[in-house]
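Q: Residue numbers for the sequence shown follow my numbering, so the first one is 9 and each next one is one higher.
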Amino acid sequence: MTSSNSERFTDQLRLAAGDQWDRVINHKFTKELAAGTISRSVLAKYLIQDHRFLDSFVVLLGSIVAHARSLEDRIPACQFLAVVTSTENTYFERC
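1. Which same chain residues, not among the five before or five after F88, have their C-beta less than 8 Å away from its C-beta?
2. Can you tell me where the alpha helix (DSSP H) with A85 in it begins and where it stops?
3. Helix, strand or coil for I46 per DSSP?
4. When you compare only the Cα positions, how much space is there between I33 and T18?
5. In angstroms, rounded to a whole number, what distance separates the CA positions of R31 and R102?
6. Spatial neighbours of I46 within its chain, please: CB distance less than 6 Å, with the 5 preceding and 5 following residues excluded, ordered by chain position.
7. Closer than 8 Å by C-beta to D81: which residues in its own chain qualify, once you throw out the five before and the five after it? Chain order, please.
8. V67 and A85: beta carbons closer than 8 Å?
9. Measure the alpha-carbon distance for H59 versus E15 and round it to whole angstroms.
If you want it as structure tokens, here you go:
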């Protein structure tokens, strides 16, 4: 991947993603979500899957905290864990 100084980092990432980027942004789910026309049942299935991912991700982050070598190493992981579990967790509880 080549880049010019004027190219944004996000542009570089998009270029690196290649045709996968186009498949994602042109997917029926993405288009319906953006348009606000996605069916409630499809959105519910997505949210259930996303919540399962969140739960596993929290377990992974907790393991990172538990296995960090020092308090200094644990603090950034704890801060990140707090961000991940703050408002997103209550979002799932409200749905």
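Glycine included, each C-beta is placed from N, C-alpha and C at the ideal position.
A: According to the structure shown:
1. Numbered from its first residue, the sequence shown carries residue 88 at position 80. Only L69 meet the Cβ criterion.
2. Numbered from its first residue, the sequence shown carries residue 85 at position 77. Counting along the chain, the alpha helix (DSSP H) containing A85 begins and ends at 79-93.
3. Within the sequence shown, numbered from 1, the residue matching residue 46 stands at position 38. Residue state, collapsed to three classes: coil.
4. Within the sequence shown, numbered from 1, the residue matching residue 33 stands at position 25. Within the sequence shown, numbered from 1, the residue matching residue 18 stands at position 10. Cα to Cα, I33 sits roughly 15 Å from T18.
5. As a working note, residue 31 is residue 23 in the sequence shown. As a working note, residue 102 is residue 94 in the sequence shown. Straight across, the Cα-Cα distance linking R31 with R102 is about 31 Å.
6. Here residue 46 corresponds to residue number 38 of the sequence shown, with the count starting at 1. Sequence-distant partners of I46 (beyond 5 residues in either direction) whose C-beta falls short of 6 Å from its own C-beta, in its chain, are E40.
7. Residue mapping note: residue 81 aligns to position 73 of the sequence shown, counting from 1. Result list for D81: empty, nothing under 8 Å.
8. By one-based count along the sequence shown, residue 67 stands at place 59. By one-based count along the sequence shown, residue 85 stands at place 77. No, the pair does not count as a contact, with Cβ atoms beyond the cut-off.
9. Translated into positions along the sequence shown, residue 59 becomes position 51. Translated into positions along the sequence shown, residue 15 becomes position 7. Each residue's Cα considered, the two are about 35 Å apart.
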